[in-house]
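S.K.: Here you go, one structure.
Protein chains in written order, with this note's numbering: chain A, 1 to 335; chain B, 336 to 881.
Dropping the structure here:
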């Protein structure tokens, strides 16, 4: 196991170095002069030149890269062009918001996907299955921005049940930052009104974001379960007179988990960097919205930092999935 | 337990289903009890002295020495030495300075700072502090020193007593009172805050001040959630004092979608909005509970022409001016929420003669001029704009030009990519022929507006994107430097310049003269729109009617 971790660590570091180099090069070939963007369109040529000098953009590319790596190793990702703050400060602020949203949406998506996927497989070709398949096809095919706008219109504007956007009501003072998760921090602060407000703000974007996950998991769980339910060991379990719970959950579902977990892991990684539309529409101050702003303003310091962070997330998630395999299936051994 | 005879029930309701339904119903009831909390913001807006303003862009860079983009977030926090009077663009009033005087030739300006003013960090704002603030701005390596045009500020500024300082510019600056009231680079910042947080001569405290502004203004920043909202609270020690109608807190929310801002205003979630689309502006008159306040603006939207490329012949550029129907555009596209531009200058600029207009829409004349100039119509021209900005304007221009046999290709770029081309130094053959953009001056003087945009001495990096280099226009612009705008000779010079730029040798196709428009709830008063303070509000003047 130790050897396995050492090997994974070495691979991870190599990949991170590759990501650093690649993002650095990509950021430099993107159209747009960062100095002009930072100085603003109303700055004159002299001021833009001064900003360029201050940003070190007059140095050679290799010199800029080594300087960048040196800074990154010290935890300094430079200044953001979009927010004019240190990129690290931005990420520390925005990343927990995305993580909270993604985890909450995964909770909803996983619950719906597993529960209804399992039921659909058990009652294959019944009305539950047919409804589930139709709904999941719909959930996968509808663009998230459209669903988000519709949900906002219906639940926020027409019915008025939920707030339309943001993480907290306008002007509400956030709880002291402990975890960065608004619902947890408000609970830790013992502020139930704030907790309720944070939760109500979280529901709509999380539900919208959970739809593709739930639909994908539904189809995956259903298909895998159908395959497993026709296996000999399930027939044996039935013959032995085991309860339906033991057959479906302990035997069938557990065997369906490894491929589903892989999918879940990939989906989690995707959501970390890809919840852009939902964050934009619901004005969720997360990494997705920050990424969109960074890309449109060629905020290359932010783009490089986000890419690095998302890459690290993917690597950690993959590692966690590999470790989970060993727990779920004793036949799998990490070498 | 089963309920076999429930109307409409096709199947018996099992105990499990009953429990599930009950749980769902109870959850829904429990949920509805949470609703007052979800609507908390609306209640607090209406009753707690909090003003909510929804705008499109984010509040960022709250250091007045470096912010050259959008001064909206700076206005509540910082005071200038002077400020423009109400809606007037050519009159200033002493502001942080109690008195403003100058010598006979306007080379030395003397300011007496108000007594007893303190910065938000509690330090005293006296002549020494103001001097330090000015020196910081002027010497900031990435700052707005060029707006001051002050050599050696350390020696040029002298302090005669605790509250009095004099600035010797070494040249006549008759309009410095107006310049000092400008949005960019003239806010007075706490030197203590800047010095104590400075990371060195390249920073001078900017990293800190960008998110932690320290001025003397009526409001102090309470919280800044980048890209989300900025929350300001009253400065209890504000030198101007307070009255009951003013707001305790001001929350500026960033809401990029125009329709959402509109909805927020309609629902009462926002008190004031910056409306975006013309359709939204028109709708502001539909409901008695909210409306709009309109005023002038010094912002002009235009199509800049590359004068060093295929459009170098002035007849060709005149032809393109004839080929854009600005009147139809303002009426049918902008729905009369903007005005017809008089020429390349904003109508509010001193010395501007509104009778000197761009050539009228006349495709036959455009056709004739292109033929006369021997313009090769087989070549495809390129019209560039940044994403979401001018698709419709480009399509209109494209359609009009197609009627005279000119093909126009529309190129939409990211904002950064657009700025790269717009201000870039690529050779003419690698640049677009047309750029869509808008501009406004820093202060009310034709030189301030014209030099960077139209002088042959200015580069594309300065704003002269078309690399326009009409020698006569360049000389006229130079002669306007600090010129007395009431002098008939200067007015004549300015009018000659307008004639060249609008009619004889145009660098731009002026598209529209923008207006300052704010949507607001009917119980909000005190919205003062000064054309020079583009997209900015004096929040200290705002009140909620009781």
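Think of the CB as a built atom: it goes at the ideal place given N, C-alpha and C, for glycine as much as any other residue.
Quick caveat, the model's predicted, so the values are computed rather than measured.
Just tell me which of B/567, B/699, B/409 and B/830 has its CA closest to the CA of residue 680 of chain B.
M.R.: With distances taken between Cα atoms, residue 680 of chain B lies closest to B/830.
S.K.: Looking only at its chain, what residues have a beta carbon closer than 6 Å to the beta carbon of residue 843 of chain B, apart from the 5 residues adjacent to it on each side?
M.R.: Hits under 6 Å: 637, 639 and 679.
S.K.: So, does the CB of residue 877 of chain B fall closer than 7 Å to a CB anywhere in chain A?
M.R.: Taking Cβ atoms only, chain A never reaches closer than 7 Å to residue 877 of chain B, which makes this a no.
S.K.: Below 8 Å, how does it come out for the stretch 686-701 of chain B and the stretch 648-664 of chain B: are there three or more Cβ pairs, yes or no?
M.R.: Judged by Cβ distances under 8 Å, the stretch 686-701 of chain B makes contact with the stretch 648-664 of chain B, as three or more pairs qualify.
S.K.: I want to verify the contact list: residues of chain A whose CB lies under 9 Å from the CB of residue 481 of chain B, in sequence order.
M.R.: Ordered by position in chain A, the residues that pass the 9 Å Cβ test against residue 481 of chain B are 43, 44, 46 and 47.
S.K.: CA-CA distance, residue 179 of chain A and residue 328 of chain A?
M.R.: One C-alpha to the other measures close to 30 Å.
S.K.: Could you list which residues in chain B have their beta carbon closer than 9 Å to that of residue 83 of chain A, in chain order?
M.R.: 393, 395, 396, 545, 546, 561 and 562, listed in chain order.
S.K.: Compare the C-beta of residue 531 of chain B against all C-beta atoms of chain A and say whether one is closer than 7 Å.
M.R.: No, its Cβ sits nowhere closer than 7 Å to a Cβ of chain A.
S.K.: What are the residues that DSSP puts in a beta bridge with residue 851 of chain B?
M.R.: Answer is B/630.
S.K.: Please classify residue 74 of chain A: is it buried, with 16 or more other beta-carbons within 10 angstroms of its beta-carbon, or exposed?
M.R.: Answer is exposed; the Cβ neighbour count stays below 16.
S.K.: Label residue 125 of chain A either buried or exposed according to how many other C-beta atoms from any shown protein chain fall within 10 Å of its C-beta, with 16 as the threshold for buried.
M.R.: Exposed, because fewer than 16 other Cβ atoms sit within 10 Å of the Cβ of residue 125 of chain A.
S.K.: Quick check on residue 805 of chain B: buried or exposed, where buried means 16 or more other Cβ atoms within 10 Å of its Cβ?
M.R.: Classification for residue 805 of chain B: buried.
S.K.: Three-state secondary structure (DSSP) at residue 325 of chain B?
M.R.: The requested residue 325 of chain B does not occur in the structure, where chain B is confined to residues 336 to 881.
S.K.: With distances taken Cα to Cα, identify the nearest neighbour of residue 56 of chain A among A/333, A/134, A/263 and A/35.
M.R.: Selected option, being the one with the closest Cα: A/35.
S.K.: Alpha carbon to alpha carbon, how far is residue 735 of chain B from residue 761 of chain B? Give it in angstroms, no decimals.
M.R.: Between residue 761 of chain B and residue 735 of chain B, the C-alpha separation is close to 28 Å.
S.K.: Give the range of the beta strand (DSSP E) segment to which residue 694 of chain B is assigned.
M.R.: It is not in any beta strand (DSSP E) - residue 694 of chain B carries neither H nor E in the DSSP assignment.
S.K.: According to the neighbour-count rule (16 or more other Cβ atoms, all chains shown, within 10 Å of its Cβ), is residue 607 of chain B buried or exposed?
M.R.: With 16 or more Cβ atoms within 10 Å of its Cβ, residue 607 of chain B is classed as buried.
S.K.: Among the candidates B/827, B/774, B/817 and B/847, whose CA atom is the shortest distance from the CA of residue 510 of chain B?
M.R.: When each option's Cα is compared against that of residue 510 of chain B, the closest is B/817.
S.K.: For residue 501 of chain B, report the span of its alpha helix (DSSP H) as first-last.
M.R.: Premise fails: residue 501 of chain B lies in the beta strand (DSSP E), 499-503, not in any alpha helix (DSSP H).
S.K.: Which parts of the stretch 207-282 of chain A are runs of the beta strand (DSSP E), unbroken and 3 residues or longer, counting only runs that do not cross its ends?
M.R.: Counting whole runs of 3 or more residues, the stretch 207-282 of chain A contains no beta strand (DSSP E) stretch at all.
S.K.: Measure from the alpha carbon of residue 483 of chain B to the alpha carbon of each residue in B/462, B/461 and B/444, then state which is nearest.
M.R.: When each option's Cα is compared against that of residue 483 of chain B, the closest is B/444.
S.K.: Going along chain B, which residues have a C-beta under 8 Å from residue 111 of chain A?
M.R.: Correct list: empty, because the minimum Cβ distance to chain B is about 15 Å.
S.K.: Which bits of chain B does residue 40 of chain A rub up against, with CB to CB less than 7 Å?
M.R.: What residue 40 of chain A touches in chain B: 403 and 404.
S.K.: Leaving out five residues on either side along the sequence, give the residues of the same chain with a beta carbon under 8 Å from the beta carbon of residue 86 of chain A.
M.R.: Cβ within range, chain order: 76, 77, 78, 79 and 80.
S.K.: In the DSSP assignment, find the alpha helix (DSSP H) that holds residue 640 of chain B and state where it starts and stops.
M.R.: First-last for residue 640 of chain B: 635-640, but that is the beta strand (DSSP E), not the alpha helix (DSSP H).
S.K.: Taking only beta carbons into account, state which residues of the stretch 744-756 of chain B come closer than 9 Å to chain A, listed in chain order.
M.R.: Correct list: 748, 749, 750, 751, 752, 753, 754, 755 and 756.
S.K.: Between residue 596 of chain B and residue 389 of chain B, which are expected to be in contact by the criterion C-beta below 8 Å, what is the C-beta distance as a whole number of angstroms?
M.R.: Indeed, because the Cβ distance is near 4 Å, the residues count as touching under 8 Å.
S.K.: Please name the residue, chosen from B/764, B/750, B/779 and B/766, that lies closest to residue 772 of chain B on a Cα-to-Cα basis.
M.R.: Nearest option by C-alpha distance: B/750.
S.K.: Below 9 Å between beta carbons is the criterion; list the residues of the stretch 593-614 of chain B that meet it against any residue of chain A, in chain order.
M.R.: Taking 9 Å as the Cβ-Cβ cut-off against chain A, the residues of the stretch 593-614 of chain B that qualify are 595, 598, 599, 602, 604 and 605.
S.K.: Give the range of the alpha helix (DSSP H) segment to which residue 753 of chain B is assigned.
M.R.: From DSSP, the alpha helix (DSSP H) with residue 753 of chain B extends over 750-758.
S.K.: So is residue 362 of chain B in contact with chain A if we call contact Cβ pairs under 7 Å?
M.R.: The pLDDT assigned to residue 362 of chain B is 43, lower than 50, so where the model puts this residue is not dependable; a value taken from the coordinates is nonetheless given after this. Judged by the 7 Å Cβ criterion, residue 362 of chain B is not in contact with chain A.
S.K.: Quick check on the DSSP output: the alpha helix (DSSP H) that includes residue 114 of chain A runs from which residue to which?
M.R.: Segment 87-122, the alpha helix (DSSP H) holding residue 114 of chain A.
S.K.: To the nearest angstrom, how far is the alpha carbon of residue 794 of chain B from that of residue 514 of chain B?
M.R.: The straight-line gap from Cα to Cα measures roughly 23 Å.
S.K.: How is residue 201 of chain A classed by DSSP in three states: helix, strand or coil?
M.R.: Three-state result, residue 201 of chain A: helix.
S.K.: Using beta-carbon positions only, say whether residue 163 of chain A and residue 200 of chain A come within less than 7 Å of one another.
M.R.: Yes.
S.K.: Output the distance between the C-alpha atoms of residue 834 of chain B and residue 788 of chain B, rounded to the nearest integer angstrom.
M.R.: Each residue's Cα considered, the two are about 16 Å apart.
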